[in-house]
Amino acid sequence: MKAMIDTGANRTFISLQALSTSYSKQFINAKQKTASLADGHTSISILGALDLHIVIGDMSTSIKGYVVKDLCAECILGMDFISKYKFIINADERVISLCDHEKRIALEYDVNQDEICYPARTIRYTYIPPQGTVSIPVNIGISSAKVSFRPSYQLAQQSSMILLNNTLTVNQQKSHISIYNPTSYFYTLPKGVILGTTTVPTLSFSKCTSINRELVDDYINKLTRHIADLKQGEEIKAILHQHEKLFDTSKPAVAINVKPHEIKTLDHPPPSSRPYRSTPDKEEEMYKIVQDLLHNGLIRKSYSPYAAPALLVAKHDGSWRMVVDFKKLNNLTIKDNYPLPNMEQTIRRLDGGYKFFSKLDMKSGFWQIPIKEGDRHKTAFVTVDGLYEWNVLAQGLKNSPPSFQRVMADILAPCRQFSLVYIDDIVVFSRSFEEHLDHIRQLLSILSKYNFQLNPPKCKLFHQKIDYLSHIISEEGFQPNNDRIQSIMNLREPSTLVEANKFLGGLSWYRKFVPRFASIAAPIHKVTNLTKQNRKNFKWEQPQHEAFLRLKQFLVTTPLFLDYPNDNYPVILTTDASKIGIGGTLQQNINGEIKNLYYHSQVTSSTQKRYDPIELEALAIWMCFQRMRPYLLGRSVIIYTDHCPLCNMMNSTVKNRRVDRISILLQEYDIEKIIHIKGQHNCLADYLSRHPIPREEEIFDEDYGIAEQDKGEPTVIECVPDETPPLAGAITRSETKKLRLEQDKNTTTITPSQKNVTPSSTVEEEEDDQGKDSASQDIQKYRFDMEQLKIEQEKDPVIQQKIIEVKKNPVKCSYELKDGLLYKLLMMRVNCNTKKKIIYLPSSMINNLLQVYHSDPLSGHFGVQRTYLKIKNIFWWPDMKQSITRYIQSCLPCQQYNITRTKKPGRLQPIPPPEGPFQLIGMDYCGPLKQTPSGNQYVLCITDYFTRWIVAVAVPDCSAQTTAEAFFKEYICKYGVPAVVLSDQGTHFHNQLMEAMSKLVGYDHTYSTTYHPQSNGMIERFNATFIPQIAKLQDRENNNWDEFLAPVVFAYNTGCHSTTQYSPFQLLFGREARLPTEAPLSTFTFRKPNDYYEQLKKSMKLIHQNAHRNITNKQHQYKTRYDKQRADPHYSINDRVLIRKHGLKNKLEPKYSITPQIIIQEKHPVYVVKDETTQCETQVHINDIKPIYVSKSN
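For the sequence shown, the UniProt record's numbering gives the first residue as 1, with consecutive numbering after it.
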């Protein structure tokens, strides 16, 4: 038994549970029935008293103990026991000693109390209304404390009730827990149900974590490397080593004793999502990252009803980082209006003749701020391995910047006279070295006190000039750097009439804000307003040059340009993108006047040029946010874009990988809205995107999406041998002849003795060789030799441009030139700086290579991923995976034989419900069934589309004559002539006899599309329903299923239909049918025929209206469910398509038509197609149509 020594307890107590296991349950009643706890007002009941005999070490002790039902420990040894045995507590040695009359013994004690869990039980029966929240009183076995509550996993599994992790205040063993009922029915919680467990936070003692001395010393040496005075350098190092824990970045740190981040949300049901789909490799990477976060205490396992999906984003070095899509949570979070520092006041405070400056950057700043315990469940995220929640401020949560700013402002308040903080950037300023030394000491002490961590590579200490918030700060004062206006100042002067017109067009939006714009731009207008005949006379001379410079100057000076943003207005980011570059302007609309804050433009990389338009436009937004981060973080941002699909990207997915990841990374910004503007109003951003300036740094990862900058130069090792392994493949006979002709024309002879060359060896074909199989007669083995690659690379202009770049700057280039061949340098694996050399394949050889690796029998026409994995370690070219995808998509055999594993295209087109009975009926045959003694093998089923009334007739065959006779006698003669008859195109319905009957009797006969039974789905559904019912009733030996046909149809017609909510009998006759089980009526009431007719008429009208409405509602529900995530392509006349083949008898036959079909008539979703070879025309539903993909080379 474990006992707790409590110097605050006057008596010794033992719990009833501990007593039942260690002692007899017999004890005497105590005179004192209650005892007061230390809080002065909470009392506990004492059940009785007894003499306790306790053995401690080898000493036997005894004391009178009081029995209590609920106790925080098994036994509490109070002051009566401590005084009797003369306890001495040595806190330094963690030893207690006690003595009796003869001896004293010493024992070690444990200061780390195990976490004790107390169940939270309901006190009474509680009713929880639908969609309601109730605060339930609970009993907790502790007198008074602040406890952490965790919901019961069993309760969550057994019911739909939602409880949240929370911090509870217990008073006199009672507290309250809120529970939410998300269902549409009442829920009852009985008395005594355990809602969860509570724990009292305990104080734990742990060993001091060791510091990575080598890492810290390296950082400190780099931070003080620029100090010329050795004595000053040693003084700085001494202070830094006093707070060296700030510079140890080997493990993440979480601040202590700071205000935690709160997530205040609107009243709402918790939003949840399923984990995103991913590959096994990424799932493994995700698992490793999650385990690392768990190990470092940044996250914990969760039982929250919240669930945001997590995904991986690749970094520039090939490693991964995890981000969480908090869009749903952010939409419900109440905005925190804590203000950021005024940028102008911040900069002007540094204009005071200060000589020394230091800039400190926080390491993963947001991760250092804890989240309030009661709000952590809201940050829960889900992966394929489980549900977790954040202990610290996660990336992407709304209100992160103001929350971080509040914490930093609070803790650095004592240093406000010599320091400024702007979110995670701290600047310290002083007039002398000694003063700055003291200021740094004070500030580092505060950061150490609160357990913060710095980011040493981004810190600058004891500098006399620093770059801060786009300004250069020095003793002489401050001045803006050129980052914000560089894109304007570096604009190249127009040299052609087109460029001059584009320049004026780019500035047209500012015409009303620039004084005397027309007169300043007059020299440029003079040379651009030329007639078509005089355009060749365009000249750009000194007047135009001066006007060009003046207009640029207007854009970067007041009043059109602001030095600082105005905190009373939102900032407006306008972006645009082109294949050349991206551009953006940051502005504010102040009292109706546009003021500019920042201009940005950047050349797109070769990879980015191949992005889709929507990806380029999203890339422009992301790059501008990265560049303008100090001006955007914490401010309300309005984005203008001329690409409409991006307007909703912050609220829902746009189903594009790059765009969705950018939207997730933009979550930390307060984006008020994204507004679409016409291209003609997006003038300057458009002009900057088409006249970008080159940037050295790479912010955006080219291969995967978003990434950080590369942290160092990777090591390149030789992984490719001098002689590249030959590429075995196959080519056709015609291609072999073509290669021979080219080799004959080529005057260069390739010899095996040449260095780094594998001789080309084309196998000669023997036309009369009967020993080869058919495959080997149609293909020829060949190799790509190095000389041919070199020749083709010399012809490729893109490769030649890369070779020029490699020769100019081989260090920063991701290519290498060796023996006249260009290689691409690629990462060998994740978290490895080693790169591998891969041959850059010329564009002229790509098709031949893909034919080898896909169409050859040894390649087997496999898919994109398998083909890509075979090629990627041998050859590389830009847009490699996309070109492989396009090639395989355009492979005709693959299109003909491959099975489509997605939902069939074409959305549901429900037939509008008729207005009354027998206006539209459907007919179909069921069978052949086993022949009955009466000779029947088929059932002709007829259904009314309004009442769902069924007529089923057993017939011996399904000939045209039998069909016409049964339809006339059993339907028309009993129920009248329908307006429209719907059937399939079988010969029993589509024949001259049935056509003659339709004209003679007077109804329209409509036919469903071939191989598309859904067109007449109602009768098809009945066929699937009644066959099992007959099978259950028939006599299997006599096979008399036709004798039970009428009773089964009667049962169907008198039952309530799920769509109309009425029985077919009631909709047809206006009353319910009397069933054989009903008792005979004892009395009869006779009404006048006229009265009955009027009543029946009203009744029929009412139920028909209700049935019509019910049918319409059900059709809408069915359509919504059917159309979900289903493609609905539209084809035009003369489109070439493939048609699905039905009734295949051989599994090796192609699934789609061998020859392409041409659309000659379209009435979506049904099309008429014509075979290119036979010229036969066929009506086909879109379900059976597949588009033909044709590559440009074909």
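We put the beta carbon where it would ideally sit given N, CA and C, even for glycine. Bear in mind that the values here come from a model prediction, so they are computed numbers and not experimental data.
Handout entry: Contacts around serine 883, its chain only, beta-carbon distance under 8 Å, and the 5 residues preceding and following it disregarded
Key = Ile846, Leu850 and Trp877
Practice task
Enumerate in chain order the residues of its own chain whose CB-to-CB distance from glutamine 1175 is below 7 Å, with the five nearest sequence positions on each side excluded.
Solution key: none
Practice task
Report the rounded CA-to-CA distance for leucine 312 versus isoleucine 621, giving the unit in angstroms.
Solution key: 21 Å
Practice task
Spatial neighbours of leucine 168 within its chain, please: CB distance less than 6 Å, with the 5 preceding and 5 following residues excluded, ordered by chain position.
Solution key: Answer for leucine 168: Val147, Phe149 and Ser175, listed in chain order.
Handout entry: Cβ-Cβ distance between methionine 650 and isoleucine 671 below 7 Å
Key = yes
Handout entry: Member of Gly634, Asp100, Ser474 and Thr496 whose CA lies at the smallest distance from the CA of proline 339
Key = Considering only alpha carbons, the answer is Gly634.
Problem - Alpha-carbon spacing of tyrosine 599 relative to isoleucine 638, whole angstroms - result: 16 Å
Practice task
Please report the residue range of the alpha helix (DSSP H) in which glutamate 672 lies.
Solution key: Membership of glutamate 672 in any alpha helix (DSSP H) is not indicated; the residue belongs instead to the beta strand (DSSP E) covering 670–676.
Practice task
State the DSSP-derived secondary structure class of methionine 161, mapped to helix, strand or coil.
Solution key: coil
Handout entry: DSSP state of glutamine 154 mapped onto helix, strand, coil
Key = helix
Problem - Nearest to threonine 1006 (by Cα), restricted to the options Ile82, Arg1021, Tyr1122 and Val981 - result: Val981
Practice task
From the DSSP output, read off the bridge partner residues of threonine 575.
Solution key: Bridge pairing for threonine 575: Gly584 [DSSP].
Exercise for the section: Measuring alpha carbon to alpha carbon, tell me which of Thr224, Ile520, Asn139 and Glu234 ends up nearest valine 193. Expected result: Asn139
Problem - Per DSSP, cross-strand counterpart(s) of valine 421 - result: Ile426
Exercise for the section: Could you tell me the boundaries of the alpha helix (DSSP H) in which glutamate 525 lies? Expected result: The sequence as given places histidine at residue 525; glutamate does not occur at that position. That run of the alpha helix (DSSP H) goes 522–528.
Exercise for the section: Tell whether a beta-carbon distance below 7 Å holds between arginine 948 and proline 1064. Expected result: Going by C-beta atoms, arginine 948 is nearer than 7 Å to proline 1064.
Problem - Buried versus exposed, by CB contacts within 10 Å (16 or more), asparagine 90 - result: exposed
Practice task
Buried or exposed for alanine 522, please, with buried defined as at least 16 other CB atoms from any protein chain shown within 10 angstroms of its CB.
Solution key: With fewer than 16 Cβ atoms within 10 Å of its Cβ, alanine 522 is classed as exposed.
Exercise for the section: Report the residue ranges of all alpha helix (DSSP H) runs contained in full by the stretch 1019–1080; include only those spanning at least 4 residues, in chain order. Expected result: 1045–1053 and 1064–1069
Problem - Residues near lysine 207 by beta carbon distance below 7 Å, same chain, minus five either side - result: No answer about lysine 207 holds up, because its pLDDT of 40 lies below 50 and its placement is not dependable.
Practice task
Could you spell out where the alpha helix (DSSP H) holding aspartate 80 opens and where it closes?
Solution key: 79–84
Exercise for the section: Return the CA-CA distance between leucine 817 and aspartate 642, expressed in angstroms with no decimal places. Expected result: 42 Å
Practice task
With a 10 Å radius around its C-beta and 16 neighbouring C-beta atoms as the bar for buried, classify alanine 966 as buried or exposed.
Solution key: buried
Handout entry: Pair within 7 Å by beta-carbon distance, glutamine 588 and asparagine 566
Key = yes
Practice task
Determine the closest residue to asparagine 1134 out of Pro401, Tyr219, Lys1101 and Pro1187, with distance taken between C-alpha atoms.
Solution key: Pro1187
Practice task
Taking the CB atoms as reference points, tell me whether aspartate 1042 and serine 959 lie closer together than 7 Å.
Solution key: no
Problem - Assigned exposure category for threonine 607 - 16 Cβ within 10 Å defines buried - result: exposed
Problem - Same chain, Cβ closer than 8 Å to lysine 930, neighbours up to 5 away in sequence not counted - result: Gln937, Asn1039 and Trp1041
Problem - glycine 1070 and serine 1099 closer than 7 Å at C-beta - result: yes
Exercise for the section: Check whether the Cβ atoms of isoleucine 1139 and aspartate 1184 sit closer than 7 Å, and answer yes or no. Expected result: Yes, the pair counts as a contact, with Cβ atoms nearer than the cut-off.
Exercise for the section: Note the first and the last residue of the continuous alpha helix (DSSP H) segment covering proline 893. Expected result: Element bounds for proline 893: 892–897.
Exercise for the section: Would you kindly check if the distance between the Cβ of lysine 355 and the Cβ of arginine 431 is under 7 Å? Expected result: Less than 7 Å separates the beta-carbon of arginine 431 from that of lysine 355.
Handout entry: C-alpha distance - leucine 491 paired with proline 692, whole-angstrom precision
Key = 8 Å
Practice task
Compare the C-alpha of proline 414 against each of Leu16, Ala394, Leu215 and Leu444 and name the closest.
Solution key: Considering only alpha carbons, the answer is Leu444.
Handout entry: Residues that phenylalanine 946 bridges to, as DSSP identifies them
Key = Phenylalanine 946 is not bridged to any residue.
Problem - Environment of glutamate 475 [buried if 16+ CB atoms lie within 10 Å] - result: Answer is exposed; the Cβ neighbour count stays below 16.
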